[in-house]
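Q: Pasting a structure below so you can have a look.
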Amino acid sequence: MNRTASPQLRFFVCCFLAFISASLLIVACSPKSAPVRQEPQTSTGTKPKQTQTEETAAKPTEKPKPVVKQKEHLQLQISLILPFELKSIDYRTATNSDLRKAEIAIDFYQGFKFGLDSMTREKGNVGFTLNVFDSNDNPSALATLAAKEAIKNADLVVGPIFPNGIKAFSVHSKNMQKPMVSPLAASDPNLFHNPFLITINNFLDQHAYKAAAFIKSDLRPKKIVMIRSGQADEYKFAVPFKKGIDSLAKGYHVSEIGIKAVGYENVYKHLSPVGLNVIVLPATERVFLHTMFKELEKLSRNFQIAVIGHPAWEKLTFLDYQQLESLNTYLTSSYLIDYRSSRVQDFVRNYRYQYSLEPSEYAFKAFDIAYYFGLLMDAKGKKFMESLTDEDYRGLHNNFKFTKSKAYGYYNLSLMMLKIENGNLVKAD
């Protein structure tokens, strides 16, 4: 049952949304520049007659110093399209669930603005105008947004953030030949057929191929066993994983079993008594996973076991990390925040000072996106897209290494393999 949003959450969200609904939010990020030097002007009155002395005769006439003109900087435009939902939320009765999308939009905007400001302060060769628009999470309204001059004149569009919006706006992006960033969705770019799309998050096929490559390079098992619960969604990971093993890990074979046909008690019959058994579990269903983990704990007393989990496990709150650690569990992930890093600690401290809030996952994501693209645009100007595949980035949250598809745009190749140690996710590759 949805509970009414806390007074603090509603107050913050409502105040912020009231602010941006009252005006078109246009934020200028100015480059660093030297101030114009001005010399004091001389009086225009009649000068007193000066007696010609030896001292004044010897003194040379001073030439007026030239005025140092301020260097003109290139001004670039970025447009954000985010689901603030100004027209659909009733703040008086809104629940936490109702405010969720608006909260994501606010966190993303604040992180993006913070990242662009940070880059501008450090580099400052280019000035930026940041235009912010409300998508209202309504794909049909995006045609109206696409007709706005701030969108037409934008050098880069970031958003929309959900798949339906990305699909709808991709039509306009292609027509205008305008680069657009998909900042949060993990959708396969093949779905959108937009050569100007830049996909940040890794899609499921990439996760499956990464797991297959890691098994070959690092785990080197005696046997690979995929155990399915029978959910149809499992095939979205299972099929590309098996293709990945066939192409990247030749010499290995995946034994695939359905738990309904075999039974939990007979899983041991499919394991190798010597060497490492890698158990691949493409499921996310709670009852199956709990039952499977208990069975694997028993089997681990007599068999060497490592588990490869579905990337969505990172978001599942019912999982016991201590249990997963005992089963030698690995996950693929697009991101990892190392709170021990001085860069992360500096960001958190400065973000708290700026907004009096803790940065959320979306604030971290937005900071990295803004900093990376801001850095690229600062260095390359309007031709920044020509260098997208050449410039890699190690961020606070994401790493970026882009490749290009002529039909489907640019997508991020950087992907991590994580292992659970001491109750935390740490890099394993």
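Those letters in the sequence shown? Residues -28 to -1, 1 to 401, per mature numbering (1 follows the signal peptide of the UniProt record, and there is no 0), in order. For every residue, glycine included, the Cβ atom is placed at its ideal position computed from N, Cα and C. From a predicted model like this one, the values you see are computed outputs, not experimental measurements.
Taking 7 Å as the cut-off, is the C-beta of A184 nearer than that to any heavy atom in the ligand HEM?
A: Ligands in the displayed structure: none, and consequently the ligand HEM is not present.
Q: So, do the stretch 371 to 384 and the stretch 165 to 175 have three or more beta carbon pairs nearer to each other than 8 Å?
A: yes
Q: Excluding sequence positions up to five away, which residues of its chain have a Cβ less than 7 Å from the Cβ of E94?
A: none
Q: How is the beta strand (DSSP E) around S227 delimited, first residue to last?
A: Unbroken beta strand (DSSP E) run through S227: V226 to G230.
Q: Please report the distance separating the alpha-carbon of G96 from that of L347.
A: 9 Å
Q: I78: which of F356, M349, S332 and M148 sits nearest, CA to CA?
A: S332
Q: Do you know how far the Cα of G281 is from the Cα of V197?
A: Answer to the nearest angstrom: the Cα atoms are 12 Å apart.
Q: In this structure, how does DSSP classify S386 when only helix, strand and coil are distinguished?
A: coil
Q: Specify, as a first and last residue, the run of the alpha helix (DSSP H) that I217 falls within.
A: Y207 to L220
Q: Contact check, D401 vs D190 under 8 Å by CB: the rounded distance?
A: About 7 Å; that satisfies the 8 Å criterion.
Q: Flag this pair as touching only if the stretch 273 to 291 and the stretch 216 to 223 have three or more C-beta atom pairs under 8 Å; answer yes or no.
A: Too few Cβ pairs lie closer than 8 Å, so no.
Q: I'd like to know if the stretch 295 to 302 and the stretch 357 to 370 are in contact, where contact means that at least 3 CB-CB pairs between them fall below 8 Å.
A: no
Q: Looking only at its own chain, which residues have a Cβ that is under 8 Å from the Cβ of G395, when we skip the five neighbours before and after it?
A: Y293, Q294 and E297
Q: Please classify L88 as buried or exposed, where buried requires at least 16 neighbouring CB atoms within 10 angstroms.
A: buried
Q: Return helix, strand or coil for I392, following the three-state DSSP convention.
A: strand
Q: Assess, as a yes-or-no matter, whether the stretch 191 to 210 is touched by the stretch 252 to 263 under the definition of 3 or more beta carbon pairs within less than 8 Å.
A: yes
Q: Please specify which runs of the beta strand (DSSP E), each continuous and at least 3 residues long, are wholly inside the stretch 132 to 203, giving them in chain order.
A: 152 to 154, 169 to 171 and 195 to 200
Q: To the nearest angstrom, how far is it from the Cα of H225 to the Cα of V398?
A: Whole-angstrom Cα-Cα distance: 28 Å.
Q: Between A(-11) and A342, what straight-line distance do the alpha-carbon atoms span, to the nearest angstrom?
A: Summary for A(-11): the model assigns pLDDT 48, below 50, so the residue's position carries little reliability; its value from the coordinates is reported in the next sentence. Computed Cα separation, rounded: 24 Å.
Q: Going by Cα to Cα distance, which pick from P111, N110 and F84 is closest to T101?
A: Nearest to T101 by C-alpha distance, out of P111, N110 and F84, is F84.
Q: Counting pairs of beta carbons, one from the stretch 116 to 126 and one from the stretch 62 to 70, are three or more of them closer than 8 Å?
A: The stretch 116 to 126, when compared against the stretch 62 to 70, does not touch it at the 8 Å Cβ threshold.
Q: From this set, D340, L390 and D350, which residue's C-alpha is nearest N371's C-alpha?
A: Minimum Cα distance to N371 is reached at D340.
Q: Quick check: the stretch 142 to 152 against the stretch 178 to 188, are at least 3 beta-carbon pairs closer than 8 Å?
A: no
Q: So P111 packs on G137, CB below 8 Å; how close in whole Å?
A: 5 Å
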